[in-house]
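Chemist: FYI, in mature numbering (1 follows the signal peptide of the UniProt record, and there is no 0) the residues of the sequence shown are -26 to -1, 1 to 145. I'd like to ask you about the structure that follows.
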Amino acid sequence: MIADSLMASLTAKLALFVSMAALATGATRTCANGWIEGPSSCYRFVMDRKVPWKTAQGLCRDMGGVLTTLDNHIEIMWLRGYRGYHPNLREAVWIGGYRKSKNWLWKGRIADKAITLTDWAPKEPNNDDGDEKCIMLYGYNSKIDIKDAYRWNDKECDFKLPFICERDYEF
């Protein structure tokens, strides 16, 4: 519970920072109905459907977005804090990273760009099942160590998980 209150506190501070930055620049940005404003994009948490990675990518496109790409520290920490604060978002989810040969790439907003900033859980990626080519974010429950919660793991792309979509702001 201490970790939950710490995450809530960090999330609140980060949300305040992002809001102040938007006010300072005079930018007015909004997200479409059903999407949540984040630090650099709009997000949609699709927790009621468990699908393979490629299907999740297609469903995000159908909604006007892509599987989320986490390419900066602010976005990674915001998403970790936001999910920690909302109990209904604590399941493992797909994001838009995948492995091609030996390289990890983003498929989505940053199409086929090498992943340079990572947030792998300890001992990941490990290709544990021999065919782990897609990136999921761990969830959080009693079986997951808090230090691993919401961090990256490589997983078989056919595994079925909820997912997080991302799209640009509407100005």
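Even for Gly, the Cβ is constructed at its ideal location relative to N, Cα and C.
Apart from the five residues on each side of it in sequence, which residues of its chain come closer than 6 Å, Cβ to Cβ, to G113?
Modeler: So the qualifying residues of the chain are R64, E65 and A66.
Chemist: Measure how close the beta-carbons of residue 179 and M110 come, nearest whole angstrom, since I'm counting them as under 8 Å.
Modeler: Lying outside -26 to 145, the shown extent of the chain, residue 179 is not represented and no answer is given.
Chemist: Sorted by chain position, which residues of the same chain lie with C-beta nearer than 6 Å to K87's C-beta, five sequence neighbours on each side aside?
Modeler: Hits under 6 Å: W80.
Chemist: Would you call the stretch 51 to 59 and the stretch 120 to 128 in contact, with 3 or more CB pairs under 8 Å?
Modeler: yes
Chemist: Using a Cβ-Cβ cutoff of less than 6 Å, which residues in the same chain neighbour W27 once the five nearest sequence positions on both sides are dropped?
Modeler: W68, C108 and C131
Chemist: Which same chain residues, not among the five before or five after R3, have their C-beta less than 6 Å away from its C-beta?
Modeler: Y143 and F145
Chemist: Starting from the C-beta of V40, find all residues in its chain whose C-beta is less than 8 Å away, skip the five residues before and the five after it, and write them out in chain order.
Modeler: Q31, C34, G70, K81, G82, R83, C139, E140 and R141
Chemist: Take the Cβ of S15 as the centre, count every other Cβ of all protein chains shown within 10 Å, and call the residue buried at 16 or more, exposed below.
Modeler: buried
Chemist: Output the residue ranges of the beta strand (DSSP E) runs that lie fully inside the stretch 67 to 131 and measure 3 residues or longer, sorted by chain position.
Modeler: 67 to 74, 77 to 80, 106 to 111 and 126 to 130
Chemist: Would you tell me roughly how many angstroms separate the C-alpha atoms of residue 208 and R73, rounded to the nearest one?
Modeler: What the structure shows of the chain is the stretch from -26 to 145, and residue 208 is not part of that stretch, so it cannot be assessed.
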